[in-house]
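Inspection log for the structure reproduced underneath, given as structure tokens.
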Amino acid sequence: ELKVEQNPLFLSMQEGKNYTIYCNYSTTSDRLYWYRQDPGKSLESLFVLLSNGAVKQEGRLMASLDTKARLSTLHITAAVHDLSATYFCAVDYHQGAQKLVFGQGTRLTINP
Amino acid sequence: DVKVTQSSRYLVKRTGEKVFLECVQDMDHENMFWYRQDPGLGLRLIYFSYDVKMKEKGDIPEGYSVSREKKERFSLILESASTNQTSMYLCASSPRGSFHGYTFGSGTRLTVV
Numbered sequence: 001e002l003k004v005e006q007n008p009l010f011l012s013m014q015e016g017k018n019y020t021i022y023c024n025y026s027t028t029s030d031r032l033y034w035y036r037q038d039p040g041k042s043l044e045s046l047f048v049l050l051s052n053g054a055v056k057q058e059g060r061l062m063a064s065l066d067t068k069a070r071l072s073t074l075h076i077t078a079a080v081h082d083l084s085a086t087y088f089c090a091v092d093y094h095q096g097a098q099k100l101v102f103g104q105g106t107r108l109t110i111n112p
Numbered sequence: 113d114v115k116v117t118q119s120s121r122y123l124v125k126r127t128g129e130k131v132f133l134e135c136v137q138d139m140d141h142e143n144m145f146w147y148r149q150d151p152g153l154g155l156r157l158i159y160f161s162y163d164v165k166m167k168e169k170g171d172i173p174e175g176y177s178v179s180r181e182k183k184e185r186f187s188l189i190l191e192s193a194s195t196n197q198t199s200m201y202l203c204a205s206s207p208r209g210s211f212h213g214y215t216f217g218s219g220t221r222l223t224v225v
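Sequence order for the protein chains is A and B. Here the first sequence is numbered in the numbering used here, starting from 1 and rising by one per residue. Here the second sequence is numbered in the numbering used here, starting from 113 and rising by one per residue.
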């Protein structure tokens, strides 16, 4: 059974600081997804990582994938308040059929 | 703008009622999914469908059933609602063979009293 674990689950940080959210998963997969969820809203796709060593960046967010370590990271650079949200990683464990298993989510709060 | 539409944002139902949650997508996607979201547990897969009239159990199907009579519509049914089914329910879809993740609906927050 595939398990996906994120840490930390809660993160409170100041504007301007850097931090990293970690996503570990238990079985082989080379497809990993990051989503953002604002309070009361649905999930919005952030990054799609489809191979070992993949790195994607959008603004102050950068995601990477190490399939050998079964680890993805979401790095936040010089955080700003509007990045406050819950971030989920998800791993595709059904080859070719795209069935995603989600982590617990990391609730990120960025304080002025 | 492509969309996954869930018919209700908020629902309150009584224990023992039969509850229907509806999801419609306008993207001609083959794959459709129902998840529930609970604090600290992330999203858990209830049922999914790869084509019309096809359905497969996810990780937590007990107490639920689904119907997919048309490609664009995937319904989640709570046969006899219970308080432990109070949750946020999220529908999602994706095209066959795509590796680009899901498009999610806006969610239905169901409270069973």
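For each residue, glycine too, the CB sits at the ideal point set by N, CA and C.
* To do: Could you pull the start and end residues of the beta strand (DSSP E) that N18(A) belongs to?
  => Segment: none, N18(A) is in no beta strand (DSSP E) and carries neither H nor E.
* To do: On a CA-only basis, which of L123(B), I189(B), E142(B) and K182(B) is nearest P173(B)? Give me that one, please.
  => Nearest C-alpha to P173(B): I189(B).
* Name the residue from T223(B), G213(B) and E191(B) whose alpha carbon lies nearest to the alpha carbon of F132(B). => Among T223(B), G213(B) and E191(B), the Cα nearest to that of F132(B) is on E191(B).
* To do: Kindly list, in the order they appear in chain A, the residues whose Cβ is closer than 7 angstroms to that of S210(B).
  => Taking a Cβ-Cβ threshold of 7 angstroms, the residues of chain A close to S210(B) are Q98, in chain order.
* Rounded distance between the beta-carbons of L100(A) and Y214(B), thought under 8 angstroms -> Sure, about 7 angstroms apart at Cβ, within 8 angstroms.
* **Pairwise C-alpha distance: Q149(B) and T223(B)** => Between T223(B) and Q149(B), the C-alpha separation is close to 13 angstroms.
* Asked: In three-state terms, what does DSSP make of T195(B)?
  -> Helix.
* Contact with chain B by S64(A), beta-carbon distance below 7 angstroms -> Residue contact with chain B for S64(A): absent (no Cβ-Cβ distance below 7 angstroms to any residue of chain B).
* When the Cα atoms are used, what is the spatial distance from T86(A) to R107(A)? -> Going by the C-alpha atoms only, they are around 4 angstroms apart.
* In chain order, each beta strand (DSSP E) run of at least 3 residues that lies wholly inside the stretch 129-217 of chain B -> If we require 3 residues or more, the beta strand (DSSP E) runs fully inside the stretch 129-217 of chain B come out as 131-133, 135-137, 143-150, 154-161, 176-182, 185-190 and 199-206.
* To do: Name, please, each residue of chain B whose Cβ falls closer than 8 angstroms to the Cβ of Q104(A).
  => Neighbours of Q104(A) on chain B, chain order: G152, L153 and G154.
* Closest to E44(A) by CA distance: which of Y93(A), N111(A), F88(A) and P112(A) is it? -> Ranked by Cα distance from E44(A), the options Y93(A), N111(A), F88(A) and P112(A) are led by F88(A).
* Return the chain-ordered list of same chain residues with a C-beta closer than 7 angstroms to the C-beta of V48(A), the five sequence neighbours on each side being excluded. => Counting only Cβ-Cβ distances below 7 angstroms, and skipping sequence neighbours, we find Y33.
* To do: Determine the direct distance from the alpha carbon of F216(B) to that of V164(B), and round the result to whole angstroms.
  => If you take the alpha carbons of V164(B) and F216(B), they lie about 19 angstroms apart.
* To do: Could you name the residues of chain A that F160(B) contacts, counting a contact when the two beta carbons are closer than 8 angstroms?
  => Using a Cβ-Cβ cut-off of 8 angstroms, F160(B) is close to K99 of chain A, given in chain order.
* Asked: Which term fits R180(B), buried or exposed, when burial requires 16 or more other beta carbons within 10 angstroms of its beta carbon?
  -> When all chains shown are included, R180(B) counts as buried.
* Between which two residues does the beta strand (DSSP E) carrying L65(A) extend? -> Per DSSP, L65(A) belongs to the beta strand (DSSP E) from L61 to D66.
* Roughly how many angstroms lie between the CA atoms of S160(B) and C135(B), to the nearest whole one? -> The residue you asked about is not Ser; residue 160(B) is Phe in the sequence shown. F160(B) and C135(B): Cα-Cα distance of roughly 12 angstroms.
* Asked: Would G154(B) pass as a contact of F10(A) if the rule is Cβ separation under 7 angstroms?
  -> No; because the gap between Cβ atoms is not below 7 angstroms, this pair is not in contact.
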